[in-house]
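Visitor:
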Amino acid sequence: MMMRASACGHFAVERPRRVFGVLLLLLLLLTACTPRVAVRPRIPAFAQLIAQLSEEGGYFPSDNLVSNELGYQKILQKLDELNVRGGVYIGVGPEQNFTYIAAVRPTYAFIVDIRRDNRLQHLFYKALFALARNRAEYLALWLSRPLRESAERWTQASIADLVRLMDETPPDPSAFRMTLERAYALIEGRFGVPLTPEDRGRIEEIARSFYESGLDIRYETHFRRSWRQFPTLRQLLLETDLTGRPRNFLAAEESFQFLKQLHAQDRIIPVTGDFAGPKALRAIGDYVRHLGETVSVFYVSNVEYYLLQSDAFAAFAENVKALPRTERSLIIRSYVGYGFPHPEALPGYFITTLLQRMNEFVRLYEAGEYRTYWDVGMLDYIPVR
0 MMMRASACGH
10 FAVERPRRVF
20 GVLLLLLLLL
30 TACTPRVAVR
40 PRIPAFAQLI
50 AQLSEEGGYF
60 PSDNLVSNEL
70 GYQKILQKLD
80 ELNVRGGVYI
90 GVGPEQNFTY
100 IAAVRPTYAF
110 IVDIRRDNRL
120 QHLFYKALFA
130 LARNRAEYLA
140 LWLSRPLRES
150 AERWTQASIA
160 DLVRLMDETP
170 PDPSAFRMTL
180 ERAYALIEGR
190 FGVPLTPEDR
200 GRIEEIARSF
210 YESGLDIRYE
220 THFRRSWRQF
230 PTLRQLLLET
240 DLTGRPRNFL
250 AAEESFQFLK
260 QLHAQDRIIP
270 VTGDFAGPKA
280 LRAIGDYVRH
290 LGETVSVFYV
300 SNVEYYLLQS
310 DAFAAFAENV
320 KALPRTERSL
330 IIRSYVGYGF
340 PHPEALPGYF
350 ITTLLQRMNE
360 FVRLYEAGEY
370 RTYWDVGMLD
380 YIPVR
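The opening residue of the sequence shown carries number 0 in numbering that gives the first Met the number 0; numbering runs sequentially from there.
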């Protein structure tokens, strides 16, 4: 009886083991025969946000590779006095935005431009911020003029010293090509933004302009040579605020490092958009609300001049009206007097940089006061001198 019980117990254990083995073998065979489904690469949130906010681009009669607004720093002291800090920054155009962002210290910044090339240029700049450890390396990468000495030596250098260093350093074709390839890899890899062959070509043209011209590069129009000589990048870097203090984003290491960190957090977002268009500014406004933030500064350059010429100003004003704002929110405007100097104009400066409360802009628009470009610049502004 004991032997039989023992034998029965043995078979009771072995049977489930055999069944389990057969099932495991079948599972392995099925797995081997099942066709694999390709796993889509994850699109980073940064790339998704660019696509989500952007709209169809358009034409503008200049490349705007660098700013043409020499007096762009003249309002910075007033920004300090008004204690405009944090919030969300919206701007347009190339590198002058970095100076305003460094001054305002926003949580997010959106660079909106009708030219798709501006988005590509800012993606290139984002790559340079990722590659450069300090201001000297950034300039060296930007202008394809490799440093002959350790970058750390220049960490505390003045902007005048950095400009002199770049002027004394010849361009290097191999450095140009290497920086370009590293930028492509970062944009498509870490940033997750796909580039078409045309995109790569345009980024190369932009980078080559800085490689060939160095600090002598300046704003140019497409249709004719400008009747007025615009400032070079060298002049823009060496410009100062009203107190004589250089405030360009490359003038102080702290400003550069703040921008580098903001870029690393994917919080400087280049967007293709029309200020008077139906999507970009509205979508940015919705996103800012989602963040629980408000717009602190909206830098519009002189875009309003072109909007008034094309009867698109009302659509732009409605977009501004829809942005989340407070009584402290400001517009930074670049005003061209065209023979009628603005009261805030400075000798030797063709373009006058102005400040206005965003709420006052909306109030005057709703009252029907904006009929001409003169109205936009003259009816309301905050004196900075």
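Even for Gly, the Cβ is constructed at its ideal location relative to N, Cα and C.
None of the values given here were measured: they were computed from a predicted structure.
1) Compute the Euclidean distance between the alpha carbons of L194 and E343, then round it to the nearest angstrom.
2) Looking at the structure shown, is G90 part of a helix, part of a strand, or coil, going by DSSP?
3) Excluding the 5 residues flanking A314 on each side, which residues of the same chain have their C-beta closer than 7 angstroms to its C-beta?
4) Using a 10 Å radius around the Cβ and a threshold of 16 neighbouring Cβ atoms, would you call V21 buried or exposed?
5) How big is the Cα-Cα spacing for D310 and Q47?
6) Taking all protein chains shown into account, decide if G435 is buried (16 or more other Cβ within 10 angstroms of its Cβ) or exposed.
7) For T242, is the classification buried or exposed, using 16 other Cβ atoms within 10 angstroms of its Cβ as the cut-off for buried?
8) Say whether the stretch 100-110 touches the stretch 349-362, bearing in mind that this needs 3 or more beta-carbon pairs closer than 8 angstroms, one atom from each stretch.
9) What's the gap between the Cα of T271 and the Cα of D240?
10) For D112, write down the residues that DSSP places opposite it in a beta bridge.
11) Would you call R35 buried or exposed, if buried means 16 or more other Cβ atoms sit within 10 Å of its Cβ?
12) Which class does F385 belong to by DSSP, given the choice of helix, strand or coil?
13) So is L290 buried or exposed if we call it buried at 16+ other beta carbons inside 10 Å?
14) By DSSP, does I205 sit in helix, in strand, or in coil?
15) Kindly list the residues whose CB is nearer than 6 angstroms to the CB of G8, restricted to its own chain and excluding five residues on each side of it in sequence; keep chain order.
16) Tell me the DSSP secondary structure of T98 in three-state form.
17) What whole-angstrom Cβ distance do Y137 and L127 have, given they're in contact under 8 angstroms?
18) For the alpha helix (DSSP H) that contains L329, what are its first and last residues?
19) State the Cα-Cα distance for the pair T340 and F209, rounded to the nearest angstrom.
20) Which word fits E94, buried or exposed, when buried means at least 16 other C-beta atoms lie within 10 angstroms of its C-beta?
21) Tell me the start and end of each unbroken beta strand (DSSP E) in the stretch 231-294 that is at least 3 residues and wholly inside, in chain order.
22) Keeping to the same chain, check which residues put their C-beta closer than 6 angstroms to that of T168; ignore five residues upstream and five downstream.
23) Should S295 go down as buried or exposed, given a rule of 16 or more other Cβ atoms within 10 Å for buried?
24) Indicate the three-state DSSP secondary structure (helix, strand or coil) for Y183 in the structure shown.
Guide: The structure says:
1) 43 angstroms
2) strand
3) A275
4) In this prediction, V21 has a pLDDT of 46, which is less than 50 and means its spatial position is unreliable; what the coordinates show is noted afterwards. It is exposed - the Cβ of V21 has fewer than 16 other Cβ atoms within 10 Å.
5) 32 angstroms
6) The requested residue 435 does not occur in the structure, where the chain is confined to residues 0 to 384.
7) exposed
8) no
9) 30 angstroms
10) T271
11) Confidence in R35 is poor, its pLDDT being 41 and thus under 50, which makes the residue's placement too unreliable to answer from.
12) The structure shown does not extend to residue 385, since the chain is modelled only from 0 to 384, so the question has no answer here.
13) exposed
14) helix
15) Per-residue confidence for G8 stands at a pLDDT of 41, beneath the threshold of 50, marking its modelled position as unreliable; no derived number is given.
16) helix
17) 6 angstroms
18) Here L329 belongs to no alpha helix (DSSP H); instead the beta strand (DSSP E) covers L329 to V335.
19) According to the sequence provided, residue 340 is Pro. The question's Thr does not apply to it. Rounded to whole angstroms, P340 to F209 spans 33 angstroms at the Cα level.
20) buried
21) 267-271
22) R144
23) buried
24) helix
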